[in-house]
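Numbering-wise (my numbering), the sequence shown opens with residue 567 and increments by one.
Data block below; observations after.
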Amino acid sequence: MKRYDRAYFDRWYRDPATRVTDRAALTRQVRLALAAAEYLLERPVRTVLDVGCGEGRWGVALRRERPRLRYTGVDASEYVVHRFGARRNVVRGTLGTLGALDLGGPFDLVVCTDVLHYVSDEELARGIPVLAALVGDGVAFIEHFTSDDEIEGDLRGFHARAPAFYRRLLARAGLVPQGLHVYARR
């Protein structure tokens, strides 16, 4: 079983030789998600839910852009919740347990990046409808990688699903693609 401990995050997020992203790339991604959400909402984003948030890096970057924004992160890592939970508002949970968490919501922006392709079909079936409900009238930024993508980084536990699999899964939950990993409810 994969462990999302400090060594994992050191390897994939901090070590210059193996990291998959850096602060500048994260900032661009956050700005894209905010701009798309605010364009579709026709107002500033006030609340964000980040599912599979890891160390809550999105929360830090989002608050640089919108200091008054309310951020909630959900992650399965005991290490993350112990180290960053109180400071970055990260609670323990998974995509499949979203329905059992008292998260409030719906949220203006629901973020789920680099998660779906590591989750079992059963957990996706449980979690995606709940995630879509937490979007409400807001917007989702759901980055997933497929069998058609060239992947760099952590391949352990990667599910190489066809793009059509995710299109059907998200459509059944009522999420309509807007482009660039952005989804909105019908």
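All C-beta atoms in this analysis are idealised placements derived from N, C-alpha and C, irrespective of residue type, glycine included.
These numbers come from a predicted model, not from an experiment.
The alpha helix (DSSP H) that contains G625, what's its start and end?
From DSSP, the alpha helix (DSSP H) with G625 extends over R623 to E631.
At least three beta-carbon pairs within less than 8 angstroms, the region 635-642 to the region 655-668
In short, these stretches touch, since the Cβ pair count reaches three.
For A691 and V614, the rounded distance between their alpha carbons
In a straight line, the C-alpha of V614 is about 22 angstroms away from that of A691.
Suppose only complete runs of 4+ residues qualify. What are the alpha helix (DSSP H) ranges in the region 600-688, listed by chain order?
For the region 600-688, the full-length alpha helix (DSSP H) segments reaching 4 residues or more read 623-631 and 644-654 along the chain.
Proximity to R634 [Cα-Cα], best of V617, V705, P610 and T712:
From the listed residues V617, V705, P610 and T712, the smallest Cα separation to R634 is found for P610.
Quickly, what does DSSP pair R751 with across the bridge? List them, please.
Partner(s): L741.
Since A573 is in the alpha helix (DSSP H), which residue starts that stretch and which ends it?
Under the DSSP assignment, A573 falls in the alpha helix (DSSP H) whose first and last residues are R572 to F575.
Sequence-distant residues of the same chain with beta carbon closer than 6 angstroms to A698, five excluded per side:
Excluding sequence neighbours, A698 sits near A739, G740 and L741.
Could you check how far apart the C-beta atoms of V701 and P743 are, in whole angstroms? I think they sit under 8 angstroms.
Here V701 is actually not in contact with P743; their C-beta atoms are around 13 angstroms apart, not less than 8 angstroms.
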